[in-house]
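The block underneath contains the structure these notes are about, expressed in C-alpha cells.
Number of protein chains: 2
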Amino acid sequence: MCFSAAATCTVRKTDYAFEVTNQTVNIKFSVLQDLQNLGAQNVCLMTDKNLSRLAPVKAVLDSLSKTGVRYKVYDNVRVEPTDTSFKEAILFAKNGSFDVFVAVGGGSVIDTCKAANLYASHPDADFLDFVNAPIGKGKPITRALKPLIAVPTTAGTGSETTGVAIFDFEPLKAKTGIASRAIRPTLGIVDPVHTLSMPERVAANSGFDVLCHALESYTALPYNQRTPCPHDPIARPAYQGSNPISDVWSRHALHMVAKYMKRAVRDPEDLEARSSMHLASVFAGIGFGNAGVHLCHGMSYPISGNVKTHSAKGYSVEHPLVPHGLSVVLTSPAVFSFTAPMCPERHLEAAEILGADMRQVKRQDAGAVLADTLRHFLFDLQVEDGLGAVGYSKDDIPALVKGTIPQERVTRLCPREHTEDDLSQLFEASMKIY
Amino acid sequence: MCFSAAATCTVRKTDYAFEVTNQTVNIKFSVLQDLQNLGAQNVCLMTDKNLSRLAPVKAVLDSLSKTGVRYKVYDNVRVEPTDTSFKEAILFAKNGSFDVFVAVGGGSVIDTCKAANLYASHPDADFLDFVNAPIGKGKPITRALKPLIAVPTTAGTGSETTGVAIFDFEPLKAKTGIASRAIRPTLGIVDPVHTLSMPERVAANSGFDVLCHALESYTALPYNQRTPCPHDPIARPAYQGSNPISDVWSRHALHMVAKYMKRAVRDPEDLEARSSMHLASVFAGIGFGNAGVHLCHGMSYPISGNVKTHSAKGYSVEHPLVPHGLSVVLTSPAVFSFTAPMCPERHLEAAEILGADMRQVKRQDAGAVLADTLRHFLFDLQVEDGLGAVGYSKDDIPALVKGTIPQERVTRLCPREHTEDDLSQLFEASMKIY
Numbered sequence: 001m002c003f004s005a006a007a008t009c010t011v012r013k014t015d016y017a018f019e020v021t022n023q024t025v026n027i028k029f030s031v032l033q034d035l036q037n038l039g040a041q042n043v044c045l046m047t048d049k050n051l052s053r054l055a056p057v058k059a060v061l062d063s064l065s066k067t068g069v070r071y072k073v074y075d076n077v078r079v080e081p082t083d084t085s086f087k088e089a090i091l092f093a094k095n096g097s098f099d100v101f102v103a104v105g106g107g108s109v110i111d112t113c114k115a116a117n118l119y120a121s122h123p124d125a126d127f128l129d130f131v132n133a134p135i136g137k138g139k140p141i142t143r144a145l146k147p148l149i150a151v152p153t154t155a156g157t158g159s160e161t162t163g164v165a166i167f168d169f170e171p172l173k174a175k176t177g178i179a180s181r182a183i184r185p186t187l188g189i190v191d192p193v194h195t196l197s198m199p200e201r202v203a204a205n206s207g208f209d210v211l212c213h214a215l216e217s218y219t220a221l222p223y224n225q226r227t228p229c230p231h232d233p234i235a236r237p238a239y240q241g242s243n244p245i246s247d248v249w250s251r252h253a254l255h256m257v258a259k260y261m262k263r264a265v266r267d268p269e270d271l272e273a274r275s276s277m278h279l280a281s282v283f284a285g286i287g288f289g290n291a292g293v294h295l296c297h298g299m300s301y302p303i304s305g306n307v308k309t310h311s312a313k314g315y316s317v318e319h320p321l322v323p324h325g326l327s328v329v330l331t332s333p334a335v336f337s338f339t340a341p342m343c344p345e346r347h348l349e350a351a352e353i354l355g356a357d358m359r360q361v362k363r364q365d366a367g368a369v370l371a372d373t374l375r376h377f378l379f380d381l382q383v384e385d386g387l388g389a390v391g392y393s394k395d396d397i398p399a400l401v402k403g404t405i406p407q408e409r410v411t412r413l414c415p416r417e418h419t420e421d422d423l424s425q426l427f428e429a430s431m432k433i434y
Numbered sequence: 001m002c003f004s005a006a007a008t009c010t011v012r013k014t015d016y017a018f019e020v021t022n023q024t025v026n027i028k029f030s031v032l033q034d035l036q037n038l039g040a041q042n043v044c045l046m047t048d049k050n051l052s053r054l055a056p057v058k059a060v061l062d063s064l065s066k067t068g069v070r071y072k073v074y075d076n077v078r079v080e081p082t083d084t085s086f087k088e089a090i091l092f093a094k095n096g097s098f099d100v101f102v103a104v105g106g107g108s109v110i111d112t113c114k115a116a117n118l119y120a121s122h123p124d125a126d127f128l129d130f131v132n133a134p135i136g137k138g139k140p141i142t143r144a145l146k147p148l149i150a151v152p153t154t155a156g157t158g159s160e161t162t163g164v165a166i167f168d169f170e171p172l173k174a175k176t177g178i179a180s181r182a183i184r185p186t187l188g189i190v191d192p193v194h195t196l197s198m199p200e201r202v203a204a205n206s207g208f209d210v211l212c213h214a215l216e217s218y219t220a221l222p223y224n225q226r227t228p229c230p231h232d233p234i235a236r237p238a239y240q241g242s243n244p245i246s247d248v249w250s251r252h253a254l255h256m257v258a259k260y261m262k263r264a265v266r267d268p269e270d271l272e273a274r275s276s277m278h279l280a281s282v283f284a285g286i287g288f289g290n291a292g293v294h295l296c297h298g299m300s301y302p303i304s305g306n307v308k309t310h311s312a313k314g315y316s317v318e319h320p321l322v323p324h325g326l327s328v329v330l331t332s333p334a335v336f337s338f339t340a341p342m343c344p345e346r347h348l349e350a351a352e353i354l355g356a357d358m359r360q361v362k363r364q365d366a367g368a369v370l371a372d373t374l375r376h377f378l379f380d381l382q383v384e385d386g387l388g389a390v391g392y393s394k395d396d397i398p399a400l401v402k403g404t405i406p407q408e409r410v411t412r413l414c415p416r417e418h419t420e421d422d423l424s425q426l427f428e429a430s431m432k433i434y
C-alpha cells in the first residue's frame, strides 16, 4: 500500500466508511474547501507552540487568510494536557464564539480542541460534568457541538477517529478523560506528509500507541460478554468490547504495524512506511474507538501522571514527561501474559502477525510467546528497559495501582478479572523488560 | 465468528464504524427504542407482499403497536423494482407525511424506500432529476431526508450500507439508479435470524451479489487514477475507486464468502454460516459503497432488464426474473479474465482466497486462474450454465451491449478501458460457463 506524497485521506464522520479522495490535494486546498462547505465564518485553530511554526499550521493559516474568513489561533495546547490546560483552552473557545474548530497536531491538540468545543457549546456546565465517572459525573452530552476538523500530525492516538479526550487530572495525579460519540471530529484530514517531520522517538512512541490500540482492542472483552446491558441503544458506552467490526480494523492495523513500524521509525524519509503508519493509526483508532482498550492503557495513565524527572528525548517540552505511547507499551509484555489464558487464539494470532515463529507453539504458551515477541520488538526499537528506566521503583507501585483504580472505563474491558494484587504484580513485572 | 441467534448488529450512519450491540435484543426491542430515540410520530413501514406475512415484519408491527405511534404499511414493493413501482411507493410516501421510514426486506424493499423517502422530501422534483446521468439528470440532493431504518432480510445487496437505489427503467429496458450519500439509511439492523427463512436459491443468488461486490470493488480502478478530479470534496461521486479503506472491507468480505457461502446455501439451519454471510453482505456493502463496482454489475443490468421468460426458482414472483445476484455472477469468469492484466496481483490474491491452488501459478495466469476458480465455485453451487441457460442467445448481444452503455456510473470504474466490441465478446464468452 503506497501513497503518493500528496495523497490525502479524508475521514468523514457522517459516512459509514472513510472517504479517500482521488485528488492529489494538499492540506490548504482541503481545509479551505471543507471550511467553505461547513459555512465557516469564525474559525478557531488550535495547535501547540512547537507546531505553530511548522508547515501544517502554516498551510492552514495561509488557507484561512485566502478565504477571508475570520479566525483566531490558540497555540498554547500542553503536550499531555491537564485539567488546567484544558480549562484555559475552554475559556479561549468560550470567549471566541467560534462556529468551526480546526485542530492541527497530535492527540494532545485534538483532545484539547474536543474539550474546548464541548464546553463552549455547554457554557453553563461544570468541568467535571462530562468527565468520566468515577472522577467526574459522566453526564450524557445532549446539545450539538460545532464542527471540528482534525488534522493529525503524529501517527499514534487515532484521536481524529474517536470520541475520547484524555487529560491529567492534577488533584488525583491520574489521567482520565471525556468519552462520548458527540465529541468525535466531524472530519479528519489524514495526510502522510505531516508525519515526515516527526523525530525518531516521537515516531516510535506514537507507533507503540497504535500497536497497543490494536492489541488491546483485539483482546478486549467480547461485546456479548460486557455487562450491564443497556436498555436503550442510546445508553451504550463508547467502548463496547471486541466485536466483528472492530476486529477487522484491529487486526489490519496490527498487520500494518508489523510490516512498517520499524522502517517508519528508523527512516523519516521512508514515505511508504510513514504513510502506512499514519493510516494504521487511523485504522487502529476505528478499532479501539469502537471496542475499547484495557490494561496497558488503564495502567499507563498513572505512569504518565506520576512522572518524576524523566525527560523524553525528541519532545520539545520543558516539563518531565513519559510520552503516552511509551507509558502504554512498557507494561505490554506483562499484560498480555496475564490476559492470554482468556483468549489464547487471539494472542497467538497477534504473535504470529508480529513475526513469531509458531512452529511447535502450544495453546498454553500464548501469553509467553506474545510477551517474548513484544520484548524483541521493543528491544529492536531501543525502548527504555521498563518502568525502572523511566524513574520508577518498587516503592511507587502502590501509587501506580491507586492511579489505575479510577480507570474503570477501560480496565473493565480487560478480558480477565483482576484484583489490586494482580495490578501490583503487573507493575512489578514491568519494572524491567529485557 | 459465531453469533448467538439473537445477537444483533446495528449499523449507524453517524459513526465511523458500525456499532455492535452487546444486547441479546430481538428486532422488536431494537426498532422500538430506535424509533423512540428518533422521536417518531408517524412511521412508514415498507416491505413486499411475501415478507408482510413473515416474522420480521410481524415483529416490527408488534413493536409499532406497543409504542402507540401512528404508522402505515406499504407492502406493494416490487421484487426488482421499476420506475413505475418506485413512483407508486413515492406517491404513498408523499401522501403520508411520514417522519420516519422503516424498510424490512431485501435490496428491492430498501432501495424502494430510499427513493420514496427522497422524493417525499423533494415533492416538486421530477422523477428523473435525481436519477443517474445519462438516463436522468443526476442533480445533487440538497434537502435533508427523513430518518430511514433498514432491516435487511437477505444477505446480498448491502443496501443498508449504501447510498444507492437501483431500478429497471422500463422505457430503455435497462437498470439504472439513484446514487447519493444523502439517501443512505440512518441505521441498519442486521439480525442473522432474518436470513434463516431465505430459500436455497435466494441464499445462493444474494451470496453471488456479495461475491461480486467484493471482487469488483477490490479490482476497481484505484482511487488515485479516477478522473475527472473534482474541485471540491462535496462533488465527489459515491463510487470513488478502490482505496486503502474499501480494500480492507472487500478483502475481508471475500474471505467470509470463501469460508461460509457454500454452507449457508446448503443448510438454512447453519446459523453460523448464515450469520457470517449476512455480515459479509454488510462488509462488502461498505467496501463497494465506497469504491464502486464495475463490469459484472454494469453488464448485469441489461441481463435482468431484458429478461424474457426465465422464471427464478425460490422467488415468489409472478413475472419473469433473472435475480440480481445471478445476473451479476454469470459474466464474472469472463470479466475477471478481461480485467486481470491491469492488476494481476489482486486477481491472484482473490483466487487464492477462494481456494485456488497457487503453486506454480504465474502472474500472467491471473485471469485464467481466477476465472477457473469462479467456474468451480459456481458449478458447486449449481448455477445455471451461463446466459444461454437463462434465455439469451447470440442474437441478444447487441441489445445487452446497448443496455450496458448507459451504466457509465459503474463501468467507468473498470480498471481496463473497453469498447463495445469488448463488451460483445464478454457477453458472448458468458453464454456458456462450464
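Chains as they are written, first to last, in the numbering used here: chain A, 1 to 434; chain B, 1 to 434. Using N, Cα and C, we set each Cβ at its ideal position, and we do this for glycine too.
_ALA179/B versus ALA312/A: straight-line alpha-carbon distance, rounded_ = Reading the second sequence from its first residue, position 179 is the one you call residue 179/B. Reading the first sequence from its first residue, position 312 is the one you call residue 312/A. Answer to the nearest angstrom: the Cα atoms are 51 Å apart.
*If you compare alpha carbons, which of ARG375/A, ASP191/A and GLY289/A is closest to SER246/A?*
By one-based count along the first sequence, residue 246/A stands at place 246. Nearest C-alpha to SER246/A: GLY289/A.
*Do TYR218/A and SER250/A have their C-beta atoms closer together than 7 Å?*
In the first sequence, residue 218/A corresponds to position 218, counting from 1. In the first sequence, residue 250/A corresponds to position 250, counting from 1. Note that the C-beta distance between TYR218/A and SER250/A is below 7 Å.
*Using a beta-carbon distance cut-off of less than 9 Å, what residues from the region 236-248 of chain B approach chain A?*
Correct list: ARG236, GLN240, GLY241, ASN243, PRO244, ILE245, SER246, ASP247 and VAL248.
*Could you give the C-beta distance for ALA437/A and TYR239/A, rounded to a whole number, given that I count them as a contact under 8 Å?*
Residue 437/A is absent from the structure shown; chain A starts at 1 and stops at 434.
*asked:* Nearest by alpha-carbon distance to LEU32/B: which of ARG70/B, LEU54/B, SER52/B and ASP48/B is it?
replied: By one-based count along the second sequence, residue 32/B stands at place 32. Looking from the CA of LEU32/B, the closest CA among ARG70/B, LEU54/B, SER52/B and ASP48/B belongs to ARG70/B.
_Minimum C-alpha distance to LYS259/B - residue among GLU269/B, ALA273/B and ASP267/B_ = Translated into positions along the second sequence, residue 259/B becomes position 259. Taking LYS259/B as reference, the option from GLU269/B, ALA273/B and ASP267/B with the minimal CA-CA separation is ALA273/B.
*With DSSP run on the structure shown, which of helix, strand or coil describes LYS259/A?*
Counted from its first residue, the first sequence places residue 259/A at position 259. In this structure, LYS259/A counts as helix in the three-state DSSP scheme.
*Under the three-state reduction of DSSP, which class applies to LYS308/B: helix, strand or coil?*
As a working mapping, residue 308/B is identified with position 308 in the second sequence. DSSP, read as helix, strand or coil, puts LYS308/B in coil.
*MET256/B: buried (16+ other C-beta within 10 angstroms of its C-beta) or exposed?*
Your numbering for residue 256/B matches position 256 in the second sequence. Around the beta-carbon of MET256/B, 16 or more other beta-carbon atoms lie within 10 Å, marking it buried.
_Contacting positions in the region 398-409 of chain B - beta carbon closer than 8 Å to chain A_ = None of the residues of the region 398-409 of chain B has a beta carbon lying less than 8 Å from any beta carbon of chain A.
_In DSSP terms, what PHE100/B is bridged to_ = Taking the first residue of the second sequence as position 1, residue 100/B is located at position 100. The question names Phe, but residue 100/B is Val in the sequence shown. According to DSSP, VAL100/B bridges with VAL43/B.
*chain A within 7 Å of GLN33/B, Cβ atoms only*: Counting from one through the second sequence, the residue named residue 33/B turns up at place 33. Judged by the 7 Å Cβ criterion, GLN33/B is in contact with chain A.
_Alpha carbon of LEU187/B to alpha carbon of LEU148/B, nearest angstrom_ = Looking up residue 187/B in the second sequence gives position 187. Looking up residue 148/B in the second sequence gives position 148. In a straight line, the C-alpha of LEU187/B is about 7 Å away from that of LEU148/B.
*Anything in the region 410-426 of chain A with a Cβ closer than 8 Å to a Cβ of chain B? List those residues in chain order, please.*
Within the region 410-426 of chain A, no residue places its CB atom closer than 8 Å to a CB of chain B.
*Taking 7 Å as the cut-off, decide whether the C-beta atoms of ASP48/A and VAL73/A are in contact.*
Along the first sequence, read from residue 1 onward, the residue named residue 48/A stands at position 48. Along the first sequence, read from residue 1 onward, the residue named residue 73/A stands at position 73. At a Cβ-Cβ threshold of 7 Å, ASP48/A and VAL73/A do not count as neighbours.
_Please report the distance separating the alpha-carbon of ALA89/A from that of LEU413/A._
Translated into positions along the first sequence, residue 89/A becomes position 89. Translated into positions along the first sequence, residue 413/A becomes position 413. Cα to Cα, ALA89/A sits roughly 31 Å from LEU413/A.
*In the region 224-235 of chain B, which residues sit with their C-beta less than 9 Å from some C-beta in chain A, listed in chain order?*
Those would be ASN224, GLN225, ARG226, THR227, CYS229, PRO230, HIS231, ASP232, PRO233 and ILE234, in chain order.
_Proximal residues to LYS66/A (C-beta, below 7 Å), its chain only, five neighbours per side dropped_ = Indexing the first sequence from 1 puts residue 66/A at position 66. Excluding positions up to five away in sequence, the list reads LEU32.
*Can you find a C-beta in chain B that's less than 7 Å from the C-beta of HIS294/A?*
Residue numbering aside, residue 294/A sits at position 294 when the first sequence is read from its first letter. Taking a beta-carbon distance threshold of 7 Å, HIS294/A does not count as an interface residue toward chain B.
*What is the DSSP secondary structure of ALA203/B, reduced to helix, strand or coil?*
To locate residue 203/B, count along the second sequence from 1; it is residue 203. Here DSSP, grouped into helix, strand and coil, assigns ALA203/B to helix.
*Assumed close pair THR112/A, MET46/A - CB separation to whole angstroms, cut-off 8 Å*: Here residue 112/A refers to the residue found at position 112 of the first sequence. Here residue 46/A refers to the residue found at position 46 of the first sequence. Taking C-beta atoms under 8 Å as the contact rule, THR112/A and MET46/A qualify, at a distance of about 6 Å.
*Quick one: is ASP421/B buried, meaning 16 or more other Cβ sit within 10 Å of its Cβ, or exposed?*
The count along the second sequence starts at 1 and reaches residue 421/B at position 421. With a threshold of 16 other beta carbon atoms within 10 Å, ASP421/B falls short and is exposed.
*Under a CB-based cut-off of 7 Å, is LEU279/B close to chain A?*
Working through the second sequence from its first residue, we reach residue 279/B at position 279. Yes, contact with chain A.
_Please tell me whether ASN22/B has its Cβ less than 7 Å away from any Cβ of chain A._
If you number the second sequence from 1, residue 22/B lands on position 22. Low confidence applies to ASN22/B: its pLDDT is 32, below 50, so where it sits in the model is not reliable, and the reading given next is rough at best. So, interface residue.
_Is there a Cβ of chain A sitting closer than 7 Å to that of HIS252/B, yes or no?_
One-based indexing of the second sequence puts residue 252/B at position 252. Closer than 7 Å: yes.
_Residue range of the beta strand (DSSP E) that includes ARG70/B_ = For this step, residue 70/B is matched to residue 70 along the second sequence. In this chain, the beta strand (DSSP E) harbouring ARG70/B covers 70-74.
*Option nearest GLU428/B by Cα separation, candidates SER393/B, PRO406/B and CYS212/B*: To locate residue 428/B, count along the second sequence from 1; it is residue 428. Measuring from the Cα of GLU428/B, the nearest candidate turns out to be SER393/B.
*asked:* Could you check whether GLY285/A and THR161/A sit closer than 7 Å to each other, using their CB atoms as the reference points?
replied: Working through the first sequence from its first residue, we reach residue 161/A at position 161. Working through the first sequence from its first residue, we reach residue 285/A at position 285. Going by C-beta atoms, THR161/A is nearer than 7 Å to GLY285/A.
*For ASP422/B, the first and last residue of its enclosing alpha helix (DSSP H)*: As a working mapping, residue 422/B is identified with position 422 in the second sequence. Segment 420-429, the alpha helix (DSSP H) holding ASP422/B.
*Between which two residues does the beta strand (DSSP E) containing ILE166/B stretch?*
Here the question's residue 166/B lines up with position 166 in the second sequence. 164-169 is the extent of the beta strand (DSSP E) around ILE166/B.
*Would you identify the three-state DSSP class for TYR393/A, choosing helix, strand or coil?*
Here the question's residue 393/A lines up with position 393 in the first sequence. The identity of residue 393/A in the sequence shown is Ser, whereas the question assumes Tyr. In the structure shown, SER393/A sits in coil (DSSP, three-state: anything other than H, G, I, E or B).
*What does DSSP give as the partner residues of PRO222/A in its beta bridges?*
Stepping through the first sequence from its first residue, residue 222/A is reached at position 222. Its beta-bridge partners are SER242/A.
*Quick one, are the C-beta atoms of ALA115/A and PHE92/A less than 7 Å apart?*
The sequence position of residue 115/A within the first sequence is 115, counting from 1. The sequence position of residue 92/A within the first sequence is 92, counting from 1. No. Outside cutoff.
*Chain-order list of residues whose beta-carbon lies under 7 Å from that of ALA165/B (same chain, five-residue window excluded)*: By 1-based counting over the second sequence, the position of residue 165/B is 165. Exclusion of the five residues before and after ALA165/B leaves ASP111, LYS114, ALA115, GLY177, ILE178 and ILE183 as the residues of its chain whose Cβ lies within less than 7 Å of its Cβ.
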